[in-house]
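Written below as structure tokens is the structure these notes are about.
Number of protein chains: 2
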Amino acid sequence: MALMHLMATNPNRPVYLKLRDQIAAAIIDGVYPEGEMLPSVRALAAEHGANPLTVAKAYQQFQNDGLVEVQRGVGMYVVKGAAERLRAREREAFLRDEWPEIRARMARLGLDPADLAIFT
Amino acid sequence: MALMHLMATNPNRPVYLKLRDQIAAAIIDGVYPEGEMLPSVRALAAEHGANPLTVAKAYQQFQNDGLVEVQRGVGMYVVKGAAERLRAREREAFLRDEWPEIRARMARLGLDPADLAIFT
DNA sequence: ATGGCTGTATTATGGCACTGATGCACCTCA
DNA sequence: TGAGGTGCATCAGTGCCATAATACAGCCAT
Chain G
38 MALMHLMATN PNRPVYLKLR DQIAAAIIDG VYPEGEMLPS VRALAAEHGA NPLTVAKAYQ
98 QFQNDGLVEV QRGVGMYVVK GAAERLRARE REAFLRDEWP EIRARMARLG LDPADLAIFT
Chain C
38 MALMHLMATN PNRPVYLKLR DQIAAAIIDG VYPEGEMLPS VRALAAEHGA NPLTVAKAYQ
98 QFQNDGLVEV QRGVGMYVVK GAAERLRARE REAFLRDEWP EIRARMARLG LDPADLAIFT
């Protein structure tokens, strides 16, 4: 009832944000390997039934962060070390911004993270 | 980078949702005791510098869920057993909708809930 | 060189969520 | 009975999001 309305799985969540989350996960997991080319905005748009501009908006922040490089007329490539940099950045942000709140919320609901760790 | 933009602490989060979270927590923690009257929409609005209608929207869902009863011209009261019902409902929703995603996200970031349980 | 692929800038539009101002119906209490 | 407190309905304004239709600039293989 708190975060639920805005989780990554929430269909109401803006498309460009859902795409951004998915792309970040794919980079970290090596689905989009370093040095390799990312799917074109048009291809990814067609795959998701979205607008190419919406996909471009999802790609935008990765460029700003230097995790992805653009070769005009060719495509976008994953920078060397992008996966580890992205993972470190997300981990830091998670521990700083999200975890304390999740922890407090679970405490209020009478839940212990250590117990729930069993669920793989 | 995923949930961060939509956490309860995020200033971009809609006011009525932040209020709703806070009210739910207050009911569960007994800050608003069962049988007692809730702060009026105008009072709570003034306290938070928000619009009375925004507060009313935050109260809305609690009425729909039968956790709060309205006496027209008087005020809104917390129903008997509302705290426990609310806690049970939130816990179920958390485990079903939020925890799996959080768990997967932590796994991707190389984090173990059992280890982080130390942080109180 | 030409066709086909890249990303991107521009402009316009529709939809929707959020917030706000005003006024009304209702109740309680002096 | 009148004053002041409830919740709530109506209408309007604002901004973000997504889409669309073009058009342009660059690269590459044929």
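Top line first, the protein sequences correspond to chains G and C. Following the working numbering, the numbering of the first sequence begins with 38 at its first residue and continues without gaps. Following the working numbering, the numbering of the second sequence begins with 38 at its first residue and continues without gaps. Heads up, the beta-carbon is just placed ideally off N, CA and C, and yes, glycines get one too. Just so you know, these numbers come straight off a predicted model, no measurement behind them.
Following the DSSP letters along the chain, one finds Val-115(G) inside the beta strand (DSSP E) bounded by residues 112–115. Gly-147(G) reaches chain C at Arg-124, Arg-128, counting residues in chain order whose Cβ is nearer than 9 Å. Residues of the segment 50–64 of chain G that bring their beta carbon within less than 9 Å of a beta carbon in chain C comprise Arg-50, Leu-54, Arg-57, Asp-58, Ala-61, Ala-62, in sequence order. As the crow flies, the alpha-carbon of Gly-67(C) is around 15 Å from that of Arg-57(C).
Boundaries of the alpha helix (DSSP H) around Val-92(C): 89–101. In chain order, Pro-150, Ala-151, Leu-153, Ala-154 make up the part of chain C whose C-beta sits under 8 Å from the C-beta of Pro-150(G).
In this structure, Met-113(G) sits near Leu-75(G), with a CB-CB distance shorter than 7 Å. A Cβ-Cβ contact shorter than 7 Å links Ala-95(G) with Tyr-53(G). Here the alpha carbon of Arg-109(G) sits roughly 24 Å from the alpha carbon of Leu-123(G). The beta carbons of Arg-128(G) and Leu-132(C) sit about 24 Å from each other, so the pair does not count as a contact at 8 Å.
Against chain G, the beta carbon of Phe-99(C) has no neighbour under 9 Å; the closest one sits roughly 10 Å away. Within its own chain, the residues whose Cβ lies closer than 7 Å to the Cβ of Asn-88(C), once the five positions on either side in sequence are excluded, are Ala-82, listed in chain order. Check the Cα spacing between Trp-136(G) and each of Asp-152(C), Leu-104(C), Ala-130(C), Ile-60(C): the tightest is with Asp-152(C). The three-state secondary structure of Val-105(C), taken from DSSP, is strand. Using a Cβ distance threshold of 7 Å, Glu-73(C) and Val-115(C) count as a contacting pair. Judged by DSSP secondary structure, Arg-50(C) falls outside any alpha helix (DSSP H); it is assigned neither H nor E. In this chain, the alpha helix (DSSP H) harbouring Ala-144(C) covers 136–145.
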